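See below for the structure under consideration.
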Amino acid sequence: MKLVFIYQPITDLAEAVRFYRDKLGWEEAWRDGAETVAFWLPGRTAQVMLSTTDQPAGPMYLVDSLPAWIAEHPDIDITIPPYAIPGGAVAGLTGPGGNIFYVYDQPDG
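Residues in the sequence shown are numbered consecutively from 54, following our numbering.
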């Protein structure tokens, strides 16, 4: 597992982009249409992914295979069932304290 993104839901993408770009001075990494923009964290250790999608905030970890990872961790509750993303799939799971985290793969990406 490798931390790649910190997912942050937002309601106004333009306002959020101005905040992270203009106030924090972060560099834009990529964008997907009019609903998602990612910014590099200082030091480029990971990215903050801003999105207007309606899901809880949480870290996103890259794994080699999402189905294999889920099969190897049957005791972790899946909160958001796996769904397709460009080049792979992602699922939301529940950790200690009810916090959501995401595990995803991109074998085709």
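No residue lacks a Cβ here, since even glycine has one placed at the ideal position from N, Cα and C. Because the structure is a prediction, the values reported are computed rather than measured.
Alpha carbon of residue i to alpha carbon of residue j, nearest angstrom
i: E125; j: D75; result: 42 Å
i: G145; j: L56; result: 14 Å
i: Y136; j: G78; result: 33 Å
i: G140; j: D107; result: 21 Å
i: P109; j: Q61; result: 8 Å
i: T64; j: A91; result: 15 Å
i: E81; j: T105; result: 17 Å
Assigned secondary structure, residue i (DSSP; H/G/I helix, E/B strand, else coil)
i: L66; result: helix
i: G78; result: coil
i: A99; result: coil
i: P120; result: helix
Identified DSSP bridge partners for residue i
i: F154; result: L146
i: L56; result: Y114
Best match in the options for proximity to residue i [C-alpha to C-alpha]
i: P160; options: F154, I138, I129; result: I138
i: G150; options: G111, A69, P127; result: G111
i: V156; options: W83, M102, Y114; result: Y114
(Q) Counting beta carbon pairs with one atom in the region 116-135 and one in the region 84-98, are three or more of them shorter than 8 Å? (A) no
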